[in-house]
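A.B. asks: I have a structure here, written as structure tokens, and I will follow up with some questions on it.
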Amino acid sequence: MSHPLRIAVLVSGTSRGSNLRAIVAACENGQINGSVTLVVGSRSDSPALQFAAEKSVDTLALAVKDFSSEEEYDNALLDALDNNNTDLICLAGYMRLLSTSIVQKYKHRVMNIHPALIPMFYGQGMYGHHVHEAAIKRGVKISGVTVHFVDEEYDTGPIIVQIPVEVTSDDTPETLAAKVLEKEHEAYPLAVSLFSHGRLQVQPDKRVKVLQD
Ligand code: GRF
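Residue numbers in the sequence shown follow this note's numbering, run continuously in steps of one, and reach 215 at the last position.
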């Protein structure tokens, strides 16, 4: 994609928005060819939406409970993404499974970040502190972060970037979460940057090839 990307970031109710900030910073410093033009969350008072508003980025508060059905919510979200002329959707702490209509329309144009090395500690129910608790409990020596394209299931889409983090014997779920978060802020901008420079190619076998600069 040669034109600057229009990026929509989807967050959840109380998202702190640190990945959103990292993506915005990478747009501002030129690592990513594009800008965040829309942030959607379920609460206008979340730190993520507040930050977006301060940056004069369009924000939208959409909560499933305000719609008569999940389908109506999904349609409203799809309309908002279309009206934004969205090139890329970045899920950053978005808790719902994205509707099939959005996943299909934006095939290989939706990314998610997961705070573990997929296929470890992933899938439905594996989010936030659950991931790091499971990693500590299992005693893994390495965890990390994965950025992947989104398909119709939880965390099963093509993997774009992974960065490992060493787990030491004195780590707790909290210290591991902090170490992983630091790498999230490298991995997400990197994945979006590669996409923005047209360097990601999803192969028929679902492996992602990173093309040379
Ligand atoms: C991150 O830990 C990410 O891996 C997960 O949700 C969290 C979002 O954090 N998918 P933040 O709101 O970007 O700080």
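Note that beta-carbon positions come from the ideal geometry of N, C-alpha and C, so glycine has one too.
Because the structure is a prediction, the values reported are computed rather than measured.
Would you check if the region 147-154 and the region 110-118 touch, i.e. whether three or more CB-CB distances between them fall below 8 Å?
C.D. replies: Cβ pair count under 8 Å is three or more, so yes.
A.B. asks: What residues are listed by DSSP as bridge partners for H116?
C.D. replies: Answer is T148, bridged to H116.
A.B. asks: Based on Cα-Cα distance, which residue from Y96, A28, M128 and G159 lies nearest to Q106?
C.D. replies: Ranking Y96, A28, M128 and G159 by Cα distance to Q106 puts G159 first.
A.B. asks: Taking 6 Å as the cut-off, is the C-beta of A180 nearer than that to any heavy atom in the ligand GRF?
C.D. replies: A180 Cβ: outside cutoff for every heavy atom of the ligand GRF.
A.B. asks: Per DSSP, what kind of secondary structure is V169 in: helix, strand or coil?
C.D. replies: It is coil, neither helix nor strand.
A.B. asks: At a threshold of 6 Å, does G43 count as lining the ligand GRF (C-beta to nearest heavy atom)?
C.D. replies: Not under cutoff, so the answer is no.
A.B. asks: Given a cut-off of 7 Å, decide if S44 and A65 are closer than it, judged by their beta-carbon atoms.
C.D. replies: Contact: yes.
A.B. asks: Distance check for S20 and G95, CA to CA, integer angstroms please.
C.D. replies: Roughly 10 Å between the two C-alpha positions.
A.B. asks: Would you call H134 buried or exposed, if buried means 16 or more other Cβ atoms sit within 10 Å of its Cβ?
C.D. replies: Label assigned to H134: buried.
A.B. asks: Taking the alpha-carbon positions, what's the R8 to D172 distance?
C.D. replies: Answer to the nearest angstrom: the Cα atoms are 42 Å apart.
A.B. asks: Which residue wins for smallest C-alpha separation from V59, given the options P121, R23 and E72?
C.D. replies: When only C-alpha atoms are compared, the closest one is R23.
A.B. asks: Report yes if the CB atom of A63 is closer than 7 Å to the CB atom of S17, and no otherwise.
C.D. replies: Contact flag unset, no.
A.B. asks: Taking all protein chains shown into account, do 16 or more other C-beta atoms lie within 10 angstroms of the C-beta of V112, making it buried, or fewer, making it exposed?
C.D. replies: Looking at its Cβ environment, which holds 16 or more other Cβ atoms inside 10 Å, V112 is buried.
A.B. asks: Return yes when the Cβ of M128 is within less than 7 Å of the Cβ of S14, no when it is not.
C.D. replies: Cβ distance not < 7 Å, so S14 and M128 don't count as in contact.
A.B. asks: Per DSSP, Q203 forms a beta bridge with which residues?
C.D. replies: Answer by DSSP bridge pairing, in chain order: K211.
A.B. asks: I need the DSSP call for I161, collapsed to helix, strand or coil.
C.D. replies: In the structure shown, I161 sits in a strand (DSSP, three-state: E or B).
A.B. asks: For V152, which residues in the same chain have their Cβ closer than 7 Å to its Cβ, ignoring the five residues on either side in sequence?
C.D. replies: Hits under 7 Å: L93, L100, V105, V112, M113, N114 and G159.
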